[in-house]
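**Student:**
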Amino acid sequence: MAPVPPEYADKKMPSGGWTDPKAIEEGKKIYKGEFKTEVNCSSCHGDDGKPKKKGARDLRDPKVVCRFSDAYWFWRVAEGIPKTKMKGNKGLLSEEQIWQVMAYENQFSHDGKPADRSCYKP
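The numbering of the sequence shown is our numbering, which starts it at 1175 and goes up by one.
(1) Please go through the same chain and pick out, in chain order, the residues whose beta-carbon is closer than 7 Å to the beta-carbon of glycine 1254, but skip the five residues on each side of it.
(2) Starting from asparagine 1280, trace the alpha helix (DSSP H) both ways and give me its first and last residue.
(3) Would lysine 1228 and tyrosine 1278 be called neighbours here (beta carbons separated by less than 7 Å)?
(4) From the DSSP secondary-structure annotation, give me the bridge partner or partners of glycine 1254.
(5) Tell me whether serine 1217 sits in a helix, a strand or coil according to DSSP, three-state version.
(6) Skipping 5 residues on each side, what residues in its chain have a beta carbon closer than 7 Å to that of serine 1216?
(7) Grab the span of the alpha helix (DSSP H) containing glutamate 1200 for me, first residue to last.
(8) Tell whether a beta-carbon distance below 7 Å holds between valine 1251 and isoleucine 1272.
(9) Return the CA-CA distance between arginine 1291 and alanine 1230, expressed in angstroms with no decimal places.
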């Protein structure tokens, strides 16, 4: 994985954010394109994290998701991934909304249930 740029290196999910029901519900709307049509994570990553398009990461796989630090994941949602179809959302979503969509996505690798990030080991 690419190193996280300095401007994202200190990003950390706000306390309780991974399991906050309200944040997760808002994240679901964002993920599914209900908040803004130009932000629709499910169009590539699928409704349940199972990729619909070639090259999209499988967000159901803990071996994939647990490799991401908060900072790395935030950076990729914000800026996208160069030379892929993963677009950045920095100009479309607030920082809070990026955390919300991450909290929703995190459930896919935890049997669809809210979960903390204890699986991540730096």
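We put the CB at the ideal spot given by N, CA and C, even for glycine.
**Tutor:** The answer reads as follows:
(1) If you ignore the 5 residues before and after glycine 1254, its C-beta comes within less than 7 Å of the C-beta of Met1260, Lys1261 and Gly1262, all in its own chain and listed in chain order.
(2) Here the alpha helix (DSSP H) through asparagine 1280 covers 1269 to 1282.
(3) no
(4) Lys1261
(5) helix
(6) Tyr1205, Lys1206 and Gly1207
(7) 1195 to 1205
(8) yes
(9) Going by the C-alpha atoms only, they are around 21 Å apart.
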